[in-house]
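Asks: So that we are looking at the same thing, I have put the structure below in structure tokens.
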Amino acid sequence: MRIGAHVDPADPLAAASVRSADVVQFFLGDPQGWKKPVPREDTEALRASDVDVYIHSPYVINLASTNNRIRIPSRKLLGQHAEAAAAVGAKGLIVHGGHVGKGDDAEVGFDNWRKAFTQVAESGGFPLPILVENTAGGDNAMARRFDRLARLWDAIGEYEPGFCLDTCHAHAGGEDLLGVVDRVKAITGRIDLVHVNDSKDPFDSGRDRHENLGSGQIDADLLVATVAAAGAPAICETPGGDDGQTADIAYLREKLGLRDRLAK
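Numbering (the working numbering), first residue to last: 16 to 279.
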């Protein structure tokens, strides 16, 4: 099992070394922007490294939106990030489930997801796995509650998307972590990546505020058990920079009985 962290994109491999991380996740551009990602000077180093790479797409992407001025650019931007992520040898591109507007029919949102995947499939498909991530808040979200997640998978499952389970998002979104892996796999058939984050806020708060492992509102043993049950790479998106994430990675390794990458 490979453990790592979400890091600054300036020098992901250096950040991995500081944290003794097996895997890193980062953005290829402004997470709140619509600009196409530019080629990276460290592309060959990233591709050659034994550190696995995952890319998180910008937060602005909303494939479910009923607003053409958001949905259509979202499709374009996702495609651009998929190409750029594949270029650096990424294992997957994470994208949030998105939402429809207040008063909109959720079925339209699910259908918009289906149309996005159909469009790409007709032109040859994505160049790497797209990992849909559950989200923490919003009554109109496509992937906050797992009943909605099931409807989303009914719409796009034939295109074999991957799934990224965020523990803070599940907790804040009102989904109990006890047995969460089995419930997710019953819907998606898979978990490709875990964002292992504690939560600053209580259960079903709808608030997406991450905390270091063992310092928040989620039982630390339950976080560890979730990672163990998922059997997928785990990314700490936790605060505290180098020190905070290094401690979280070491904590997970100790609890899971894993050795430090640099000690292998």
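Beta carbons: idealized from backbone N, C-alpha and C, even for Gly.
Beta-carbon within less than 8 Å of Ile-264's beta-carbon, same chain only, minus the 5 sequence neighbours each way: which residues are those?
Replies: Position 249 of the sequence shown, counting from 1, holds the residue named residue 264. Here the set comprises Ile-18, Gly-19, Ala-20, Arg-34, Ser-35, Ala-36, Cys-251.
Asks: Could you check if Glu-59 is buried or exposed, using at least 16 other CB atoms within 10 Å of its CB as the buried criterion?
Replies: As a working mapping, residue 59 is identified with position 44 in the sequence shown. Looking at its Cβ environment, which holds fewer than 16 other Cβ atoms inside 10 Å, Glu-59 is exposed.
Asks: For Cys-183 and Leu-208, which I take to be in contact (beta-carbon distance under 8 Å), what is that distance rounded to the nearest angstrom?
Replies: On the sequence shown, position 168 is the one that residue 183 refers to. On the sequence shown, position 193 is the one that residue 208 refers to. Rounded, the Cβ-Cβ distance is 14 Å, inconsistent with contact.
Asks: Return the chain-ordered list of same chain residues with a C-beta closer than 7 Å to the C-beta of Ser-220, the five sequence neighbours on each side being excluded.
Replies: Stepping through the sequence shown from its first residue, residue 220 is reached at position 205. Cβ within range, chain order: Ala-187.
Asks: With DSSP as the reference, please indicate the residues paired to Gly-107 in a beta bridge.
Replies: Counting from one through the sequence shown, the residue named residue 107 turns up at place 92. According to DSSP, Gly-107 bridges with Tyr-69.
Asks: His-225: which of Val-199, Thr-203, Gly-259, Ala-244 sits nearest, CA to CA?
Replies: Here residue 225 corresponds to residue number 210 of the sequence shown, with the count starting at 1. Comparing Cα-Cα distances from His-225 to each of Val-199, Thr-203, Gly-259, Ala-244, the minimum goes to Gly-259.
Asks: Only counting the same chain, and skipping five residues up and downstream in sequence, which positions put a Cβ closer than 7 Å to that of Arg-166?
Replies: Residue numbering aside, residue 166 sits at position 151 when the sequence shown is read from its first letter. Closer than 7 Å at the Cβ level, and outside the excluded window around Arg-166, lie Phe-125.
Asks: Going by beta-carbon coordinates alone, are Arg-55 and Val-22 separated by less than 8 Å?
Replies: One-based indexing of the sequence shown puts residue 55 at position 40. One-based indexing of the sequence shown puts residue 22 at position 7. Inclusion of Arg-55 and Val-22 in the CB contact set at 8 Å is not warranted, their separation being larger than that value.
Asks: Could you tell me the alpha carbon to alpha carbon distance between Gly-48 and Asp-57, rounded to whole angstroms?
Replies: Residue numbering aside, residue 48 sits at position 33 when the sequence shown is read from its first letter. Residue numbering aside, residue 57 sits at position 42 when the sequence shown is read from its first letter. The straight-line gap from Cα to Cα measures roughly 22 Å.
Asks: Is any heavy atom in the ligand FMN found nearer than 7 Å to the beta carbon of Ala-235?
Replies: The ligand FMN is absent from the structure shown, which contains no ligand whatsoever.
Asks: Okay, do the stretch 140–148 and the stretch 105–119 touch, 3+ Cβ pairs below 8 Å being the bar?
Replies: yes
Asks: What runs of the beta strand (DSSP E), each 3 residues or longer, lie entirely inside the stretch 96–183?
Replies: 107–111, 145–148, 177–181
Asks: Can you tell me whether Gly-118 is buried or exposed? The criterion is at least 16 other CB atoms within 10 Å of its CB, across all chains shown.
Replies: By one-based count along the sequence shown, residue 118 stands at place 103. When all chains shown are included, Gly-118 counts as exposed.
Asks: Pick helix, strand or coil for Val-38, following the three-state DSSP scheme.
Replies: Your numbering for residue 38 matches position 23 in the sequence shown. Three-state result, Val-38: strand.
Asks: So Ala-249 is in the alpha helix (DSSP H); what residue range does that whole segment cover?
Replies: For this step, residue 249 is matched to residue 234 along the sequence shown. Note, Ala-249: premise wrong, no alpha helix (DSSP H); beta strand (DSSP E) at 249–251.
Asks: When burial is assigned at 16 or more other CB atoms within 10 Å of the CB, is Arg-86 buried or exposed?
Replies: Residue numbering aside, residue 86 sits at position 71 when the sequence shown is read from its first letter. By the neighbour-count criterion, in which 16 or more other beta carbons inside 10 Å mark a residue as buried, Arg-86 falls on the buried side.
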